[in-house]
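Take a look at the structure below.
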Amino acid sequence: IAKNVALSLVPADVDVCISLDMDAWLPADWRQHLEMLWQPHHTRMRHSYHYVDAQGEFVRNYPHAKVHSRRGYHWQRCVHEEMVFVGSQEQVFDCPEWRILEHQDDSKDRNGYVQLLHQALAENPQDTMAMYWLALEYQNRGNAAEAVQWHSAYVRQPDAQSFLMGHSYHYLSAHLPEQRVQHLENAVRHNAGLCAAWAALGQHHYHNHDWINCMWACHQGIHQLHQGAEADQHTRVVLYDTGALACDRL
Numbered sequence: 012i013a014k015n016v017a018l019s020l021v022p023a024d025v026d027v028c029i030s031l032d033m034d035a036w037l038p039a040d041w042r043q044h045l046e047m048l049w050q051p052h053h054t055r056m057r058h059s060y061h062y063v064d065a066q067g068e069f070v071r072n073y074p075h076a077k078v079h080s081r082r083g084y085h086w087q088r089c090v091h092e093e094m095v096f097v098g099s100q101e102q103v104f105d106c107p108e109w110r111i112l113e114h115q116d117d118s119k120d121r122n123g124y125v126q127l128l129h130q131a132l133a134e135n136p137q138d139t140m141a142m143y144w145l146a147l148e149y150q151n152r153g154n155a156a157e158a159v160q161w162h163s164a165y166v167r168q169p170d171a172q173s174f175l176m177g178h179s180y181h182y183l184s185a186h187l188p189e190q191r192v193q194h195l196e197n198a199v200r201h202n203a204g205l206c207a208a209w210a211a212l213g214q215h216h217y218h219n220h221d222w223i224n225c226m227w228a229c230h231q232g233i234h235q236l237h238q239g240a241e242a243d244q245h246t247r248v249v250l251y252d253t254g255a256l257a258c259d260r261l
């Protein structure tokens with residue numbers, strides 16, 4: 012309700028709205044790029060959303076769509092709110108190089124999030140994104156059993172986002188060892204830019220002395236880095252070092 016009230020108070024002559032959390036910010040050149048990209052017929056822009064640590068180092072990124080036109084949108088869900096289109100014809104365009112940055116406030120009390128997400132699912136059992144957010148909440152709390160349950164539920168949904176399915180399968184691969192390779196292969200199939208999954212797949216093949224597939228997986232991950240995919244320093248080291256060792260064994 013609060014976000015919808017806030018949106019209703021935005022002046023009518025505003026062209027574009029950007030929804031930012033208190034712990035998020037925009038790069039210095041955000042407006043210049045946005046004004047070059049936005050056209051009068053556009054209603055929403057899909058962009059990158061980057062999480063960084065306290066030192067500003069990359070942690071992870073997701074596609075998001077927090078940039079939208081003043082009219083035609085409505086917020087739904089009681090937590091992890093989502094913008095839905097209620098106009099006549101939505102016109103969405105992609106610009107992955109435009110980004111919002113966030114350093115998540117770990118001191119924030121999130122104890123009520125799980126309960127609110129269960130409430131959201133009780134109100135709408137088909138709310139696929141609520142399943143994913145619930146999986147993440149349990150994952151971040153270290154509750155692997157519940158996280159596995161909800162990540163598994165998410166990947167079975169017909170409208171699950173392929174990019175996020177990659178992250179879900181990557182998590183499942185670490186907690187369901189008997190299906191590890193299958194889940195890692197699903198992770199990179201749904202999200203080829205998920206370098207951490209390529210690194211994990213390379214390590215798996217390395218430990219099994221499968222040098223050709225190890226080199227192949229590391230090469231694929233390095234290729235994604237060269238294409239602009241993001242990865243933390245540990246993942247980069249694993250890809251290059253494990254791939255080099257596999258080449259040496261061959």
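Numbering (the numbering used here), first residue to last: 12 to 261. Ideal placement from N, C-alpha and C gives every residue a C-beta, glycine not left out. Note that the structure is a prediction, hence the values are computed from the model and not measured.
(message) So, for R55: in the same chain, excluding its five sequence neighbours on each side, which residues have a beta-carbon less than 6 Å away from its beta-carbon?
(response) Taken in chain order, the residues that qualify are A76, H79, V103.
(message) With distance defined between alpha-carbon atoms, name the residue in G232, L112, A146 nearest to D34.
(response) L112
(request) Give a single yes or no on whether D105 has its beta carbon closer than 7 Å to a heavy atom of the ligand HEM. (result) Questions concerning the ligand HEM fall outside what the structure shown contains, since it holds no ligand whatsoever.
(request) Give the secondary structure of K77 by DSSP, where H, G and I count as helix, E and B as strand, and everything else as coil. (result) strand
(message) Using DSSP's beta-bridge definition, name the partner residues of L112.
(response) W36, H61
(message) According to DSSP, is W49 part of a helix, a strand, or is it coil?
(response) coil
(message) Among R110, A39, R82, A65, whose alpha-carbon lies nearest the alpha-carbon of P74?
(response) R110
(message) How far does the beta strand (DSSP E) with V27 in it extend, from its first residue to its last?
(response) 27–29
(message) Could you tell me the alpha carbon to alpha carbon distance between R167 and V63, rounded to whole angstroms?
(response) 30 Å
(message) How far does the beta strand (DSSP E) with S92 in it extend, from its first residue to its last?
(response) A quick correction: the sequence has Glu, not Ser, at residue 92. No beta strand (DSSP E) contains E92, which DSSP labels as neither H nor E.
(message) Helix, strand or coil for P188? Go by DSSP, reduced to three states.
(response) helix
(request) Could you work out which residue in D32, Q235, T246 is closest to D116 when comparing CA atoms only? (result) D32
(request) Measure the alpha-carbon distance for L147 versus S179 and round it to whole angstroms. (result) 9 Å
(request) Have a look at the DSSP bridge pairing and note the partners of Y84. (result) F96
(message) Count Cβ pairs between the segment 214–225 and the segment 196–203 that sit closer than 8 Å; are there 3 or more?
(response) no
(message) Counting beta carbon pairs with one atom in the segment 81–92 and one in the segment 15–32, are three or more of them shorter than 8 Å?
(response) yes
(request) Give me the Cα-Cα distance between N224 and G232, rounded to the nearest whole angstrom. (result) 12 Å
(message) Rounded to whole angstroms, what is the Cα-Cα separation between H58 and P107?
(response) The alpha-carbon atoms of H58 and P107 are separated by roughly 5 Å.
(message) Please classify V249 as buried or exposed, where buried requires at least 16 neighbouring CB atoms within 10 angstroms.
(response) By the 10 Å Cβ count, V249 comes out buried.
(message) Check whether the segment 179–195 and the segment 159–166 are in contact - that is, three or more C-beta pairs closer than 8 Å.
(response) yes
(request) Answer yes or no: do M142 and L127 have a C-beta to C-beta separation smaller than 8 Å? (result) Contact flag unset, no.
(request) Assign N72 to one of three DSSP states: helix, strand, or coil. (result) It is a strand residue.
(request) Along the alpha helix (DSSP H) that carries E241, what are the first and last residues, could you check? (result) Per DSSP, E241 belongs to no alpha helix (DSSP H) and is neither H nor E.
(request) Could you check the C-alpha separation between R81 and H61 for me, to the nearest Å? (result) 24 Å
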